[in-house]
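Chains as they are written, first to last, in my numbering: chain W, 1 to 131; chain S, 1 to 203.
Before any comments, here is the structure.
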């Protein structure tokens, strides 16, 4: 099955991400599908290879889903990687998408979690309408 | 699953290089990466593992120019060939739009080739994809060994073993020297883009 997103759909995804996550202090936000396609990237991904990040994130999510199965879970809904200066938060959006949020040490994980939960909810109808 | 972004007029397709372990899938990608200009290719990602086997996958994005006003972006992936890594192969196959089957010409790999093709059939089937429907191209790799003292399979024998029913395009290759690498890539890209556009038009 292919995913075709109209200009309007892309614009609504962008405004949902910008309004909630970038305004909350996220450095960069990516929406990718679980086969590794980069759908939208927002924020300031200077020197960041977003295409590779999308592919690796989809694989990372797939690999952890296998870990989930080993411990009797269907899937994990979120993942969090903490770095010295930069952190990544991954959230599952529906069955087929992943939202990646990169944020620095001055932004609290709680805020990101709260905001990604809202963004996920807002993105679902946009993505569902277009597939 | 291809992704079409109508705001950028861009289509992204996923092509997976499949085949038995140590058959030359990664070498194909490395050759493409070295031979293509930076304007066309992105960064090649190889997940760092010990030894020269692929444990997860390699990844190489390419921008193949425009068809009418649509930019074509292709993402090449390899899978680990070793039998035991089937879960990883299934993961990488997720959303695939086209497959290159890199078969090993070494005589000792005769059965491994057939086994790997059966495994591809099975894994695609699990995702409700029919191997006869998806764009597929064969590459009979390591042809540069013909004439050496290492026993290799003839192309006719490989055709009989692997391509008798499928009857897909095939190319003799030497991924190490670059022979057949771009012919294979060109054919699979053409077929994949055609297949995706046909699917889109029928929506």
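Beta carbons: idealized from backbone N, C-alpha and C, even for Gly.
9 Å Cβ cutoff, residue i in contact with chain W
i, result
"residue 126 of chain S", "no"
"residue 168 of chain S", "no"
"residue 78 of chain S", "no"
"residue 95 of chain S", "yes"
"residue 72 of chain S", "no"
"residue 1 of chain S", "yes"
"residue 83 of chain S", "no"
"residue 105 of chain S", "no"
CB contact check: residue i to chain S, cutoff 9 Å
i, result
"residue 15 of chain W", "no"
"residue 93 of chain W", "no"
"residue 3 of chain W", "yes"
"residue 51 of chain W", "yes"
"residue 96 of chain W", "yes"
Residue burial classification, residue i (beta-carbon count within 10 angstroms, cutoff 16)
i, result
"residue 104 of chain S", "buried"
"residue 142 of chain S", "buried"
"residue 32 of chain S", "buried"
"residue 74 of chain S", "buried"
"residue 121 of chain W", "exposed"
"residue 194 of chain S", "exposed"
"residue 158 of chain S", "buried"
"residue 191 of chain S", "buried"
"residue 89 of chain S", "buried"
"residue 80 of chain W", "exposed"
"residue 15 of chain W", "exposed"
"residue 151 of chain S", "exposed"
Sequence-distant residues of the same chain with beta carbon closer than 6 Å to residue i, five excluded per side
i, result
"residue 55 of chain W", "36"
"residue 54 of chain S", "26, 78, 80"
Any non-hydrogen atom of the ligand HEM within 8 Å of residue i CB
i, result
"residue 14 of chain W", "The ligand HEM is absent from the structure shown, which contains no ligands of any kind."
Cβ shell of residue i (< 7 Å), same chain only, five flanking positions each side left out
i, result
"residue 153 of chain S", "105, 107, 110"
"residue 181 of chain S", "28, 31, 32, 173, 175"
"residue 18 of chain W", "42"
Sequence-distant residues of its chain with Cβ nearer than 8 Å to residue i (five each side left out)
i, result
"residue 129 of chain W", "9"
"residue 85 of chain W", "104, 105"
Whole-angstrom C-beta distance between residue j and residue i, which should lie under 8 Å
i, j, result
"residue 63 of chain W", "residue 91 of chain S", "7 Å"
* Residues in the segment 17-46 of chain W with C-beta within 9 Å of chain S's C-beta atoms, listed in sequence order? -> For the segment 17-46 of chain W, the set of residues with a beta-carbon nearer than 9 Å to any beta-carbon of chain S comprises 33, 34, 35, 36, 37, 38, 39, 40, in chain order.
* Asked: Using Cβ-Cβ distances below 9 Å, what residues of the segment 20-51 of chain S are close to chain W?
  -> Answer set for the segment 20-51 of chain S: 42, 43, 44, 45, 47.
* Contacting positions in the segment 55-68 of chain W - beta carbon closer than 9 Å to chain S -> Among the residues of the segment 55-68 of chain W, those with a Cβ less than 9 Å away from any Cβ of chain S are 55, 56, 58, 59, 62, 63, 65, 66, in the order of the chain.
* To do: Output, in sequence order along the chain, the residues in the segment 136-153 of chain S whose CB is closer than 8 Å to any CB in chain W.
  => Result list empty, no residue passes.
* At a Cβ cut of 8 Å, what residues of the segment 174-190 of chain S count as close to chain W, listed as they run along the chain? -> Against chain W - using a Cβ distance shorter than 8 Å - the segment 174-190 of chain S contributes no residues.
* Asked: For the segment 100-123 of chain W, which residues have a beta carbon sitting closer than 8 Å to at least one beta carbon of chain S?
  -> Against chain S - using a Cβ distance shorter than 8 Å - the segment 100-123 of chain W contributes no residues.
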